[in-house]
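In case it helps, my numbering puts the sequence shown at residues 5 to 86.
Glycine included, each C-beta is placed from N, C-alpha and C at the ideal position.
Comments concern the structure below.
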Amino acid sequence: MLREEKGDYTVGGCGGNIAWHTENDTLEIADKDILLRDIKVYLLAVLRNANADILPFDWRATTKNSPRRWRSTRSRPEIVST
5 MLREEKGDYT
15 VGGCGGNIAW
25 HTENDTLEIA
35 DKDILLRDIK
45 VYLLAVLRNA
55 NADILPFDWR
65 ATTKNSPRRW
75 RSTRSRPEIV
85 ST
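Right under this line is the structure:
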């Protein structure tokens, strides 16, 4: 494919920015208005969850084995894509 020949990544659902979530995704090429909007959306979600009287998620089962998983990931080599 042409994308692979150019060394571009497959980027699904982003609207076409080939640098999105790659090492080339820097502030110089980012749309600052969209970045600000995204930050506000994520911050609002965090604030609502952190301040909820009843937490909307029960993470106990998800985090039950987390310390063991964290220990096992420390010994793994870093994955570097070329």
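Looking at the backbone, the Cα of T66 and that of D35 are separated by about 35 Å. Between N53 and L59 the beta-carbon gap is near 7 Å, inside 8 Å, which marks them as a contact. Rounded to the nearest whole angstrom, the CA to CA distance from V50 to A56 is 10 Å. If you look at A49, you'll find it in the alpha helix (DSSP H) that goes 36 to 54.
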